[in-house]
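Inspection log for the structure reproduced underneath, given as structure tokens.
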DNA sequence: CGCCGGGTTGAGCTGAGTCAATCGACGTGG
DNA sequence: CCACGTCGATTGACTCAGCTCAACCCGGCG
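Chains as they are written, first to last, in the numbering used here: chain A, 635 to 869; chain B, 635 to 869.
Shown next as structure tokens:
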């Protein structure tokens, strides 16, 4: 993780994917690289949105706090994904917290710099549209799931998604490559850590997953997907 | 509702809000006006997205069907709001159905025409970003609500929102200006029509709402808002 | 006049939340 | 290197919000 990244790095980001080399250099010039130590609160819900961020390495958790203190995890993101951008483009306060869950490296731009970049490279605006649209569609799907499906199915789906997005092959399965607690899992799917723990224990007996403190290995992704999609229970 | 609307109409639409007169005429030229009879399925989930739509008059319901047949109402929209746009910009199949819940009038553009308009008037792309971003933020809030709050509170919130967005003053309260069933209310907040019916009955006793077949009048918006925001129950 | 779509209401069940006790693994400081 | 404190996980017992099943009502329309 070099502190002066190459433009090829930006190419992996959807927002800049369709820019030519010169434009990428322009974007690179305008941004700053920074280390984010584990547990750092990178963006705080309610603060004015004054910067756009792109994760280069590591893992960031985006979560909201409800007025009465309950947490909801909106999403986890990995290298190449951007955050804090929507609020900047809209000129509204940040709708959520962003926290580094492992030591990470990011690139960031001031709101003004990003505005200029968009001015100079209008394709960025189109890409932004695509990205936001994609997230909108995802969120609609999640809304549908949480409104209609049982906890165990939602958990299965969440784990399958995590395995796909943040999975590292690990001997006898796919390991989620960052530490995650039962609590956080619960906050992702709208349930309590207790229910998550119970469900996970049951699945562990069936050899579908394996877990320990802050660590989860998916042993049988197929079974998990079946639980997520399958119509009925699965005694 | 004339079939050849004036450009001032477009000005009320966020997507075109910051265009000058000439540009508005250009947009107007490129579009088509159409009547939508009540119950018409305007867009069908899964179909390719080949057009952008703007509602001029009436009311449209956007809803998804889950694989196993359950419905989820994503949102209702009124005059000035656009739909079907995100999928076009992203080149993906339509993620939801759009149904006219009353006789309506819309304007629509082919995907190609819209692409040209954006080319000629780049501000549209920025506005689109803002709109999509706004919806994203809204959806996140809804996700949080549905994941953490009780049914009665969610219902209170949904009704308050409807009263605000689609309320028509009516003698002794605010009437939702389009027909809506208990079933649909349930699909908006992720519950069954039975629970909605019971809750509504209780509120009717307390004089907070008044309802009959497909018709709802909010009599005491303040009490409703209190139920939505207030910390505890409300014996 | 009879049908049908929407609404109401009761009875009972159960998934999942709450409360509570216990355990085990880290990490830290003495 | 060990003892202790803390944070996360597990598990049991109990409770209850809200779902399911079911019967019935009402009003508009053909």
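A virtual CB, placed ideally from N, CA and C, is assigned to each residue, including glycine.
Q.
Taking 8 Å as the cut-off, does the segment 786-805 of chain B touch the segment 740-750 of chain B (at least 3 CB pairs, one atom from each stretch)?
A. These segments do not touch.
Q.
Counting only beta-carbon separations shorter than 8 Å, does residue 730 (chain B) have a partner in chain A?
A. Here residue 730 (chain B) is taken as the residue at index 96 of the second chain, counted from 1. Yes - at least one Cβ of chain A is within 8 Å of the one on residue 730 (chain B).
Q. Name the residues in the segment 744-778 of chain A whose C-beta lies less than 7 Å from a C-beta of chain B; which are they?
A. Hits within the stretch, in order: 756, 759, 760, 762, 763, 764, 766, 767, 768, 769, 770, 771, 773, 774, 776, 777 and 778.
Q. So what's residue 754 (chain A) in DSSP terms, helix, strand or just coil?
A. One-based indexing of the first chain puts residue 754 (chain A) at position 120. The DSSP-derived three-state label of residue 754 (chain A) is helix.
Q | Chain-ordered chain B contacts of residue 723 (chain A) [CB-CB under 9 Å] | A | Residue 723 (chain A) sits at position 89 when you count from the first residue of the first chain. Within chain B, the residues placing a beta-carbon under 9 Å from that of residue 723 (chain A) are 760, 763, 764 and 767, ordered along the chain.
(Q) Using DSSP's beta-bridge definition, name the partner residues of residue 810 (chain B). (A) Counting from 1 along the second chain, the entry for residue 810 (chain B) is found at position 176. Partner residues in the beta bridge of residue 810 (chain B), as assigned by DSSP, are B:801.
Q. Can you list the residues of chain A that residue 870 (chain B) reaches, using a CB-CB cut of under 7 Å?
A. As shown, chain B starts at 635 and ends at 869. That puts residue 870 (chain B) outside it, with no answer to give.
Q.
For residue 738 (chain B) and residue 693 (chain B), which I take to be in contact (beta-carbon distance under 8 Å), what is that distance rounded to the nearest angstrom?
A. Mapped onto the second chain, residue 738 (chain B) falls at position 104. Mapped onto the second chain, residue 693 (chain B) falls at position 59. Going by Cβ atoms, the distance from residue 738 (chain B) to residue 693 (chain B) rounds to 7 Å, so yes, they are a contact pair.
Q.
Tell me the residue span of the alpha helix (DSSP H) that contains residue 721 (chain B).
A. The residue labelled residue 721 (chain B) in the question sits at position 87 within the second chain. Boundaries of the alpha helix (DSSP H) harbouring residue 721 (chain B): 719-724, taken from the DSSP string.
Q: May I ask which residues mark the beginning and end of the beta strand (DSSP E) holding residue 669 (chain B)?
A: By one-based count along the second chain, residue 669 (chain B) stands at place 35. Taken as a continuous stretch (DSSP letters only), the beta strand (DSSP E) holding residue 669 (chain B) covers 666-670.
Q) Do residue 644 (chain A) and residue 662 (chain A) come within 8 Å of each other at the CB atom, strictly closer than that value? A) Here residue 662 (chain A) refers to the residue found at position 28 when the first chain is read from its first residue. Here residue 644 (chain A) refers to the residue found at position 10 when the first chain is read from its first residue. Yes, they are a contact pair.
Q | Assigned secondary structure, residue 709 (chain B) (DSSP; H/G/I helix, E/B strand, else coil) | A | Within the second chain, residue 709 (chain B) is the residue found at index 75, counting from 1. Strand, per DSSP.
Q.
Assuming residue 844 (chain B) is part of the beta strand (DSSP E), what are its boundary residues?
A. Within the second chain, the letter at position 210 stands for residue 844 (chain B). Residues 843-846.
Q) Where does residue 744 (chain A) fall in DSSP's three states? A) Position 110 of the first chain, counted from the first residue, corresponds to residue 744 (chain A). Residue 744 (chain A): strand per DSSP, three-state reduction.
Q) Name the chain B residues whose beta carbon is nearer than 9 Å to that of residue 679 (chain A)? A) Taking the first chain and counting its residues from 1, one reaches residue 679 (chain A) at position 45. Against chain B, the beta carbon of residue 679 (chain A) has no neighbour under 9 Å; the closest one sits roughly 11 Å away.
(Q) For residue 770 (chain B) and residue 770 (chain A), which I take to be in contact (beta-carbon distance under 8 Å), what is that distance rounded to the nearest angstrom? (A) Start at 1 with the first residue of the second chain, and residue 770 (chain B) comes out as number 136. Start at 1 with the first residue of the first chain, and residue 770 (chain A) comes out as number 136. Their Cβ separation, rounded to whole angstroms, is 5 Å, which keeps residue 770 (chain B) and residue 770 (chain A) in contact under 8 Å.
Q. How long is the line joining the alpha carbons of residue 790 (chain A) and residue 859 (chain A), rounded to whole angstroms?
A. Position 156 of the first chain holds residue 790 (chain A). Position 225 of the first chain holds residue 859 (chain A). In this structure, the alpha-carbon of residue 790 (chain A) lies about 7 Å from that of residue 859 (chain A).
Q: Compile a chain-ordered list of the residues in the segment 673-705 of chain A whose CB is closer than 7 Å to at least one CB of chain B.
A: Residues of the segment 673-705 of chain A with a Cβ closer than 7 Å to any Cβ of chain B, in chain order: 698, 700, 702 and 704.
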